[in-house]
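The structure appears below as structure tokens.
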Amino acid sequence: MNLEDTIYKRQSIRKYDNTPLSEETLDELRDFIDNAKVLNPGIAWSYDIAGPENFRMLQRFKAPHALLLFSQTKENYLQNIGFIFQQVDLYLQSRGIGSCWIGAGGPKNHENPNPDHEFVIMMIFGKPQGRIYRESTEFQRKIICEISDERDSKLIPARLAPSAANSQTWYFTHNDDGSYNLYRNRRKFNLNRKMDTWNQVDMGIVLAHLYVANPDTFEFTRDKPHEELKNKVFEGSFTI
Ligand SMILES: Cc1cc2nc3c(=O)[nH]c(=O)nc-3n(C[C@H](O)[C@H](O)[C@H](O)COP(=O)(O)O)c2cc1C
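Below, the structure written as structure tokens:
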């Protein structure tokens with residue numbers, strides 16, 4: 066299956082066969098990551114593929130591998146990591162490999178590959194135990210009118226994007242020149258400070274779905290003049 070079709074079928078996988086994937090499969094994954102599109106080329110980032118001895122998770126499920134993601138902490142680095150590695154989530158699932166973003170986790174007995182980069186977030190992956198894909202009716206998502214100022218079928222790939230605790234804090238507006246603005250809803254009660262970080266990763270994730278669905282026309286900028294919206298943070302403008 067290609068990456069775009071995977072948008073309509075993927076789901077977070079939390080049950081794995083603990084047999085590690087082959088070295089060849091991991092090398093192909095490294096190759097994909099090296100060629101993924103970045104949102105902000107000015108930010109250096111790095112990753113490691115770790116086995117279970119080198120990552121921890123709050124939840125008790127187990128996985129044979131995790132991608133530990135590190136970055137320079139400048140500008141829109143959280144978006145950038147979300148954007149790059151949501152392409153990886155789609156790549157893995159397109160190949161029948163399960164994956165799940167994990168905010169509540171991190172490296173364990175693991176040396177940071179680059180001291181200038183901070184650990185950001187991780188993604189577990191491996192051969193799924195059970196069904197990998199979901200039916201289109203199984204997506205639990207907001208309707209388009211809740212995430213956009215206009216009903217617009219071009220935003221369906223964005224609507225289906227995964228987000229931390231399925232919070233879907235994205236909001237889209239349409240500009241007269243055909244471009245879009247992306248905003249992040251400010252949370253009323255910030256019970257979990259990490260949620261703010263993860264929601265910024267989510268903004269990159271949702272942009273990745275729009276890029277994968279429109280690879281030839283997708284362009285992103287943070288510099289375009291824009292309207293400020295109440296209780297929303299401007300995240301950038303894009304064309305698709
Ligand atoms: C930034 C981010 C952090 C996440 N952290 C966790 C986590 O710590 N544990 C977990 O089980 N799922 C985690 N998830 C998965 C979400 O719960 C899941 O994507 C969301 O509920 C939508 O479900 P779906 O991915 O199956 O479509 C995370 C997802 C994102 C995007």
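The opening position of the sequence shown corresponds to residue 66 in our numbering, with each subsequent residue numbered one higher.
Cβ coordinates follow ideal geometry from the N, Cα and C atoms, glycine included.
The structure displayed is predicted, hence computed values, not measured ones.
Top-ranked residue by Cα proximity to residue i, from the options
| i | options | result |
| --- | --- | --- |
| F285 | N145, D96, R125, S218 | N145 |
| L68 | K139, R121, Q151, D96 | Q151 |
| I209 | Y236, Y198, T202, I186 | Y236 |
| I189 | K295, P180, N141, H130 | H130 |
| F309 | A109, D154, R249, S244 | Since the first residue shown for the chain is 66 and the last is 305, residue 309 is missing from the structure and cannot be characterised. |
| G191 | R206, G163, I197, G170 | G163 |
| G107 | A226, T71, K289, E140 | E140 |
| L247 | N100, D154, S136, I305 | I305 |
| Y245 | F303, I270, M268, E293 | F303 |
Rounded straight-line distance, which links the Cα of residue j to that of residue i
| i | j | result |
| --- | --- | --- |
| K173 | K127 | 14 Å |
| G161 | Q194 | 11 Å |
| G116 | D241 | 49 Å |
| K49 | F299 | Outside the shown range of the chain, which is 66 to 305, sits residue 49, and nothing can be said about it. |
| T90 | R252 | 40 Å |
| Y73 | P222 | 8 Å |
| S159 | L86 | 15 Å |
| E203 | Q76 | 9 Å |
| T138 | D214 | 32 Å |
| D82 | S232 | 28 Å |
| F254 | D261 | 11 Å |
| V277 | E176 | 33 Å |
| R206 | L123 | 25 Å |
| Y198 | L157 | 12 Å |
| K295 | D92 | 46 Å |
| W166 | R287 | 25 Å |
Closer than 8 Å: residue i CB and nearest ligand 1 heavy atom
| i | result |
| --- | --- |
| P227 | yes |
| S77 | yes |
| I17 | As shown, the chain starts at 66 and ends at 305. That puts residue 17 outside it, with no answer to give. |
| R199 | yes |
| F190 | no |
| M268 | no |
| L134 | no |
| I186 | yes |
| I212 | no |
| A230 | yes |
| A115 | no |
| I167 | yes |
| W235 | no |
| L123 | yes |
| G163 | no |
Three-way DSSP call (helix, strand, coil) for residue i in this model
| i | result |
| --- | --- |
| G191 | strand |
| Y248 | strand |
| H274 | helix |
| F204 | coil |
| F254 | coil |
| V48 | No answer is possible for residue 48: it lies beyond the span of the chain, which begins at 66 and ends at 305. |
| E293 | coil |
| E118 | helix |
| D242 | coil |
| D113 | strand |
| I167 | strand |
| Y142 | helix |
| L132 | strand |
| T84 | coil |
| E215 | coil |
| I221 | helix |
| G161 | coil |
| T90 | helix |
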